[in-house]
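Asks:
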Amino acid sequence: MNYQNILCELRENILYVTINRESKLNALNKATLEELADVINYVTENDEVRGVLLTGAGEKAFVAGADISEFQNY
1 MNYQNILCEL
11 RENILYVTIN
21 RESKLNALNK
31 ATLEELADVI
41 NYVTENDEVR
51 GVLLTGAGEK
61 AFVAGADISE
71 FQNY
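Per our numbering, residue 1 is the first one in the sequence shown, and the count goes up by one each step.
(1) With DSSP run on the structure shown, which of helix, strand or coil describes residue 25?
(2) Buried or exposed for residue 59, please, with buried defined as at least 16 other CB atoms from any protein chain shown within 10 angstroms of its CB.
(3) Exposed or buried, residue 14, counting other C-beta atoms within 10 Å across all chains shown (16 or more means buried)?
(4) What ranges does the alpha helix (DSSP H) occupy inside the segment 24-54, keeping only unbroken runs of at least 4 residues that lie completely in it?
(5) Short check: CB of residue 9 to CB of residue 3, under 8 Å?
(6) To the nearest angstrom, how far is the alpha carbon of residue 36 from that of residue 6?
(7) Is DSSP giving residue 70 helix, strand or coil here?
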């Protein structure tokens with residue numbers, strides 16, 4: 001799995017997923033949501049994954065919410 005906005009690592013049957021938009025306080029934009037949806041599909045189709053740990057990059061925020069800079073596009 002190779003993504004632009006998230007990092008994934010499978011260790012001992014646990015998939016570690018990191019939202020990696022630290023400069024935006026890990027705000028969720030359309031691309032990030034699409035990547036997370038792809039990860040969910042991967043998990044549902046992969047019997048090796050027994051659990052998922054979701055985290056955000058950096059020390060300031062897990063996820064700031066929606067990336068409001070994209071609101072004007074909708």
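Using N, Cα and C, we set each Cβ at its ideal position, and we do this for glycine too. None of these values were measured; they are calculated from a predicted model.
Replies: Based on what the coordinates show:
(1) coil
(2) exposed
(3) exposed
(4) 30-45
(5) no
(6) 8 Å
(7) helix
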